[in-house]
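All remarks here apply to the structure that follows.
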Amino acid sequence: MFEIASIRRPNPLRTLFRILIISTIFLIIGFYLNVMGQDGKEVLIKKNLPKQSNEAITKNQQGQGRPSTERPKEGLSTLIGEDVESLEGEFGKPQRIDQTIYGYQWYIYNLHSNEYFQAGVEDGHVVTVYAIGDQLDIEPFEIGQPVEEVFNTQYIDTNVDINLGGNTYRFELNDTDINLRPLIQLGDIYVQLYFDKFTGELSSVRYLNAETLIKERSYELVYHGELIEPPAPDESLWEMVQNGTAKEIFDITNVLRLRNGQKKLRWDESVANVAFEHSKDMFETNEYTHTSAKYGSLSNRLKAAQVEYQSAGENIAANYTDGPAVVEGWLNSQSHRQALLSKNFTHIGVGVYQKYYTQDYIQKLK
57 MFEIASIRRP NPLRTLFRIL IISTIFLIIG FYLNVMGQDG KEVLIKKNLP KQSNEAITKN
117 QQGQGRPSTE RPKEGLSTLI GEDVESLEGE FGKPQRIDQT IYGYQWYIYN LHSNEYFQAG
177 VEDGHVVTVY AIGDQLDIEP FEIGQPVEEV FNTQYIDTNV DINLGGNTYR FELNDTDINL
237 RPLIQLGDIY VQLYFDKFTG ELSSVRYLNA ETLIKERSYE LVYHGELIEP PAPDESLWEM
297 VQNGTAKEIF DITNVLRLRN GQKKLRWDES VANVAFEHSK DMFETNEYTH TSAKYGSLSN
357 RLKAAQVEYQ SAGENIAANY TDGPAVVEGW LNSQSHRQAL LSKNFTHIGV GVYQKYYTQD
417 YIQKLK
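The numbering of the sequence shown is this note's numbering, which starts it at 57 and goes up by one.
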């Protein structure tokens, strides 16, 4: 029988203890699993979550969990549930619309890096918002907010329970989740907080309604009843998702570079083709490595594509929810962060094949 923990209320001593250990945790762990590739370089692979179990939750325990706080009355979180006319009435037409595999479309607002956000629209209504621009109103949080301040002002627990349509869902967060990308309930919506473990500050936020959170399943999930599933993507949808995700990774990378005092990278289509073929090769061979058994190292692949460059670098990853999630993963891995924020690189190409991701950076010859 699956047990639900009893309701726990915020404890000042418990909060203080968490704050004291956060700095240590940021030094020794990250949310993401780093493993050594066959070529001796780090490869970013997200752990596959255990298969969701359909275990019973006792009747008198249903609906229990940590106390939720009130939903904000201002800021981007208020968009959740609003229709697309309200979204465009406040922010205008998006710069582009990207497809996802979760049933919604990303409305991309990337005109200004410090106001960058993505609004997920499904059936004419906003169901999720990802925000990383540091000039955005993300009440009750702020981009750049110290992690200690967030832990002082928010109730963060290891379990988040949802009752929806007669079904019961529990997201179970481990210690790394809690400290680097906790999930918080704000009234009838939920928010994922992405912390930069190297600065100890809030990097970005993602607001979601319950259905979208369940479909994305970014944490270990135990449920009783029916699991909400997005429709299976066909080849045509995958192609659109891959193209949109590559652009999002490019956009968010430049937001983070500007935030950290580096110049924006320029897109290089030839390099993007090299990156795409590497992601596809990893998918087909099920190997997470910078050195392909068939196509060789990055330098081999760039040479074959007749790309001229002075220096080059590469980030790869697999099994992440989407573009925003994988970039936040690279940011929290030291070797990947160095490439992402390197002052030497001038151009980038991004290639996505299903849930395999490659960033190839180059410094062009002068």
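By construction, the Cβ of each residue, glycine as well, lies at the ideal position given by its N, Cα and C atoms. Model, not experiment: these values are computed from the prediction.
Taking one beta carbon from each stretch, the stretch 229–241 and the stretch 151–160 have fewer than 3 pairs nearer than 8 Å; the two do not touch.
DSSP places valine 297 in the uninterrupted alpha helix (DSSP H) bounded by 291–315.
The residues Leu132, Phe173, Ile194, Ser260 and Val261, in chain order, have a CB closer than 7 Å to that of alanine 187 in the same chain once the five nearest residues on each side in sequence are set aside. The closest CA to that of valine 247, considering only Glu198, Val278 and Thr224, is found on Glu198.
In the DSSP assignment, glutamate 228 falls outside any alpha helix (DSSP H) and within the unbroken beta strand (DSSP E) covering 223–228.
For phenylalanine 332, the CB contacts under 6 Å within the same chain, skipping 5 residues up- and downstream, are Gly407 in chain order. Excluding residues up to 5 positions away in sequence, Leu143, Ala175, Val182 and Val185 lie with their Cβ nearer than 7 Å to the Cβ of leucine 135 in the same chain. If you ignore the 5 residues before and after tyrosine 365, its C-beta comes within less than 7 Å of the C-beta of Leu358, Ile418, Gln419, Lys420 and Leu421, all in its own chain and listed in chain order. In its chain, beyond the 5 residues on either side, Glu267, Ile270 and Lys271 have a beta carbon closer than 7 Å to the beta carbon of isoleucine 284. Here histidine 346 is near glutamate 370, since their CB atoms are less than 9 Å apart. By the CB criterion at 9 Å, threonine 224 and glycine 148 fall outside the cutoff. DSSP lists Ile404 as the beta-bridge partner residues of tryptophan 323. Inter-residue distance for leucine 167 and glutamine 201 is about 23 Å (C-alpha atoms, whole angstroms).
Restricting attention to Ala374, Phe227 and Arg315, the CA atom closest to the CA of asparagine 219 is found in Phe227. Remark: C-beta atoms of valine 203 and glycine 145 do not approach each other more closely than 9 Å. Beta-bridge annotation (DSSP): glycine 176 is paired with Trp162 and Thr184. Relative to aspartate 217, the option among Ile245, Gln210, Val311 and Glu171 whose CA is nearest is Ile245. In this model, leucine 264 and leucine 312 are separated by some 22 Å (Cα to Cα).
With fewer than 16 other Cβ atoms from the protein chains shown falling within 10 Å of its own Cβ, arginine 322 counts as exposed.
The stretch 370–380 makes contact with the stretch 296–305, as at least three CB pairs between them are under 8 Å.
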